[in-house]
Amino acid sequence: AYGIALAQATGLDTDQAPEIEFGFLLHDVGKVAVPDAVLFKPAALDEEEFELIAQHPVIGSDILSEVDFLGEGKLVVRHHHERWDGQGYPDGLAGEEIPLAARVFAVADALDALTTDRPYRPASGYAAARQEIYAGAGNQFDPAVVAAYRQIPDAAFESLRASL
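With our numbering as the guide, the letters of the sequence shown map in order to residues 4 to 167.
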């Protein structure tokens, strides 16, 4: 839901591209290949565990490779952990090399991660999450996507979460 709201704010035509929404929904499908002990570890991951996690976009992309109707959604699955500065994974793409839908979803995914309890930390409030996302503009996140995010009030995201 966060991804769709943000996609609309960036000008992506989500009515004409339902495959993007499928990509948002399936973004972590590759985690089926990651052991639960790693996924739910209540402490920091070691290097080997991080490498397992870092493979989930590739695995997800492979799982969905033959699903033609997903179109651009498959790019979201593969590239949602790329970073604007090129320091992400799995392919080290930077800037506009990263598909726009994946750049949008990176912000939505971060918002969800920050505002949801995790085994290793409690959820942040929307205001704190907003500040962290703003701080990531230009390095982790596309500055234009963060600018679109700025236009959506926290109350809208709170309402989306409450409606699910």
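Beta carbons are placed, not taken as given, at the ideal position from N, Cα and C, and that holds for glycine.
In the DSSP output, which residue or residues are listed as bridge partners for residue i?
{"i": "R86", "result": "Answer by DSSP bridge pairing: none, since R86 is not bridged."}
{"i": "F72", "result": "Per DSSP, none; premise fails for F72."}
{"i": "F144", "result": "A140"}
Just to confirm, is the Cβ distance from residue i to residue j under 8 Å?
{"i": "V79", "j": "F27", "result": "yes"}
{"i": "D157", "j": "A130", "result": "yes"}
{"i": "V32", "j": "G63", "result": "yes"}
{"i": "A57", "j": "Y5", "result": "no"}
{"i": "N142", "j": "R106", "result": "no"}
{"i": "H30", "j": "D145", "result": "no"}
{"i": "F25", "j": "G76", "result": "yes"}
Assign residue i to buried or exposed, taking buried as 16 or more other Cβ atoms, counted over all protein chains shown, within 10 Å of its Cβ.
{"i": "P102", "result": "buried"}
{"i": "E51", "result": "exposed"}
{"i": "E22", "result": "buried"}
{"i": "L167", "result": "exposed"}
{"i": "G98", "result": "exposed"}
{"i": "V168", "result": "Outside the modelled stretch of the chain, which goes from 4 to 167, sits residue 168, for which no answer is possible."}
{"i": "D118", "result": "Before going on, a small fix: residue 118 reads as Thr here, not Asp. It counts as buried."}
{"i": "A47", "result": "exposed"}
{"i": "V35", "result": "exposed"}
{"i": "F108", "result": "buried"}
{"i": "A116", "result": "exposed"}
Are three or more beta carbon pairs between the region 128-140 and the region 150-157 nearer than 8 Å? Touching, per the Cβ criterion.
Runs of alpha helix (DSSP H) lying entirely within the region 91-136, each at least 4 residues, in chain order: The qualifying runs are 103-117.
Unbroken alpha helix (DSSP H) runs of length 4 or more, entirely within the region 19-82: which are they? Complete alpha helix (DSSP H) runs here, min 4: 21-29, 39-42, 50-57, 59-67, 76-82.
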